[in-house]
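Notes follow once the structure below has been shown.
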Amino acid sequence: MSTPALRLAHDPALGPAGITPGRITGRGAGGPAPKRIVVGYGFWIFLLSDVIMFSAFFAAYAVLFKSTAGGPSAHELFDLRNTAAETALLLASTFTCGMASLAVGHRSQKWTQVALLVTGLLGFAFIVLEIREFSSFVARGAGPSRSAFLSSFFTLVGCHGIHVSVALLWLGTMMAQFYAKGFRQDIRYRFLCFSLFWHALDIVWVAIFNLVYLVGSLPPELLP
Amino acid sequence: MTEHSDYEAGSYVGADREPGRPEERTLAQEVRGYVLGLGLAALLTIASFWADQTREIYASGIAMALLVLAVAQIGIHLIFFLHITTDPDNENNILALAFGVLIVCLIVFGSLWVMLHLNHNLMPMHSLAQAP
């Protein structure tokens, strides 16, 4: 007799008017989604567009990988100990950023500041290592203008580094806002976006250290 | 709905819990989730570096193994840090993610495919130019 939707709407187990926010919002039924979901979704779309931009740089790097123009190849340049240190720093920072999320969720000013400070220091150490690596490449005559391979390498990895640097500024802003204004709701939405950004940067780095550094450091005879 | 707005906790793209029922997971459980994610990600990172250094793996397969390990670790990050789940609230996020993955694959593999064929087809000209 009645459609499943109508039966759902009259099901007393689902509460008043059958609306259980969070149960049906994803399908456009049951009223508007809570703002936290909408904010996260909007920022998620931005992150995906950012990832698509990175994928274009990845494609350029993969295509130009062997175009070394007689200059140094990836195998000769890359120092994997540096890459391992950078990877460890960024992975640890993504974990402490998660801890900061939990601290914000539990309204702990002290732990929020501590977790964000540790996150920021780890991110800063990552940037320092990256700048040292880049300047050592340039000092060895392997700057971005040396070959198409190096141009695409510096563009891809440098773009990630710029993202991390901007995220560090954002992180400092979040610490100041939490400190000065407390756990106001709009600030918590900003922090939600920041934490998504930081985690997404680590995802991009996972692709970079595997596909740029580890594959690149393989001896030429092992490359596909 | 206004009474739910007080429970906007940290880093959730979509909730893995319902709005208005924030206390389904205790702090210890949430920390455990992050620790588990960190452990799995660290394991996969170590596996990647091992696969790169070892000569135990069939040589031509190393690059492919690294690609697979990278995808696996990205999956771990999505689940444990970005909290992409199968929750109904997450449907839109997952659809957007699927579309993003499609575009990324088109750009990367499409570029490689087209450019390798171009290189291949232009080879005679290239070797001609190098001829004395």
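First to last, the sequence lines map onto chains A and B.
Sequential numbering from 16 applies to the first sequence in the working numbering.
Sequential numbering from 322 applies to the second sequence in the working numbering.
Cβ atoms here follow ideal geometry from the backbone N, Cα and C, with glycine treated the same way.
Please read these numbers as outputs of a predicted model, since none were measured by experiment.
Discussion item. Using CA atoms only, rank isn't needed, just tell me which of Pro49/A, Ser88/A, Pro47/A is closest to arginine 161/A.
Written reply: Ser88/A
Worksheet item: Relative to the alpha-carbon of histidine 90/A, which residue among Phe168/A, Phe141/A, Thr102/A, Gly135/A has its alpha-carbon at the smallest distance?
Response: Phe168/A
Discussion item. Just to make sure I have the definition right: I need the residues of chain A whose C-beta is within less than 7 Å of the C-beta of asparagine 414/B. Which are they?
Written reply: Tyr56, Trp59
Worksheet entry | Separation of glutamate 351/B from glutamate 344/B, as counted between CA atoms | For glutamate 344/B, the pLDDT reaches just 46, beneath the cut-off of 50, and the residue's location in the model is therefore unreliable, leaving the point undetermined.
Fill in: Helix, strand or coil at arginine 346/B according to DSSP, with G and I counted as helix
coil
Worksheet item: From this set, Ser82/A, Cys112/A, Val181/A, which residue's C-alpha is nearest cysteine 163/A's C-alpha?
Response: According to the sequence as given, residue 163/A is alanine; it is not cysteine. Checking every option, the nearest Cα to that of alanine 163/A belongs to Ser82/A.
Fill in: C-alpha distance - phenylalanine 198/A paired with valine 78/A, whole-angstrom precision
47 Å
Discussion item. So within the stretch 134 to 159 of chain A, which uninterrupted beta strand (DSSP E) runs reach at least 3 residues, ignoring any that extend past its ends?
Written reply: none
Worksheet item: Is the beta carbon of leucine 207/A sitting closer than 8 Å to the one on alanine 417/B?
Response: no
Discussion item. Report the CB separation of methionine 190/A from glutamine 128/A in whole angstroms; it is logged as a contact under 8 Å.
Written reply: 6 Å
Discussion item. Comparing C-alpha positions only, which one of Val181/A, Phe110/A, Lys196/A, His175/A sits nearest to glutamine 124/A?
Written reply: Lys196/A
Practice prompt. Put glycine 360/B into one of helix, strand or coil per three-state DSSP.
Written response: helix
Discussion item. Once DSSP output is grouped into helix, strand and coil, what is the label at phenylalanine 209/A?
Written reply: helix
Worksheet entry | Nearest-angstrom Cα separation, counted from asparagine 97/A out to alanine 154/A | 17 Å
Practice prompt. List the whole-angstrom C-beta distance separating alanine 391/B from leucine 226/A, where the pair is believed to meet the contact cut-off of C-beta under 8 Å.
Written response: 6 Å
Discussion item. Can you pull out the residues from the stretch 340 to 369 of chain B whose beta carbon lies closer than 9 Å to at least one beta carbon of chain A?
Written reply: Pro340, Gly341, Arg342, Pro343, Leu348, Glu351, Val352, Gly354, Tyr355, Val356, Gly358, Leu359, Ala362, Ala363, Leu365, Thr366, Ser369
Worksheet item: If you measure from the beta carbon of isoleucine 400/B to each beta carbon in chain A, is any gap under 8 Å?
Response: no
Worksheet item: Would you say the stretch 413 to 427 of chain B touches the stretch 134 to 149 of chain A, given that touching needs at least three Cβ pairs under 8 Å?
Response: no
Discussion item. Here's the rule: buried if 16 or more other CB atoms are within 10 angstroms of the residue's CB, otherwise exposed. What is alanine 419/B?
Written reply: exposed
Discussion item. Which of the three DSSP states is assigned to serine 108/A in this structure?
Written reply: helix
Discussion item. Residues in the same chain with beta-carbon distance under 7 Å from phenylalanine 58/A, minus the five sequence neighbours each way, listed in chain order, please.
Written reply: Cys208, Leu211
Worksheet item: Since leucine 390/B meets chain A, which of its residues come closer than 7 Å, beta carbon to beta carbon?
Response: Asn225
Discussion item. I need the DSSP call for glutamate 377/B, collapsed to helix, strand or coil.
Written reply: coil
Item to complete: Output yes or no for whether 8 Å exceeds the beta carbon distance between leucine 105/A and phenylalanine 73/A.
Response: no
Item to complete: Confirm, please, whether the CB-CB distance from histidine 404/B to isoleucine 218/A is below 8 Å.
Response: no
Practice prompt. Could you tell me the distance, in whole angstroms, from the CA atom of arginine 342/B to the CA atom of leucine 348/B?
Written response: Caution applies to arginine 342/B, whose pLDDT of 45 falls short of 50 and renders its modelled position unreliable; the value that the coordinates give is listed next. So the alpha carbons of these two residues sit roughly 14 Å apart.
Item to complete: Compare the beta carbon distance of valine 179/A and isoleucine 223/A with 8 Å and say whether it is the shorter of the two.
Response: no
Worksheet item: In chain B, what lies closer than 7 Å to histidine 121/A by C-beta?
Response: Leu348
Worksheet item: By the 10 Å Cβ neighbour count, where 16 or more other Cβ atoms means buried, how is proline 409/B classified, buried or exposed?
Response: buried
Item to complete: Anything in the stretch 166 to 190 of chain A with a Cβ closer than 8 Å to a Cβ of chain B? List those residues in chain order, please.
Response: none
Item to complete: Mind checking the stretch 416 to 429 of chain B against chain A and listing, in chain order, the residues whose C-beta falls within less than 8 Å of any C-beta there?
Response: Ala417, Leu418, Phe420, Gly421, Ile424, Val425, Ile428, Val429
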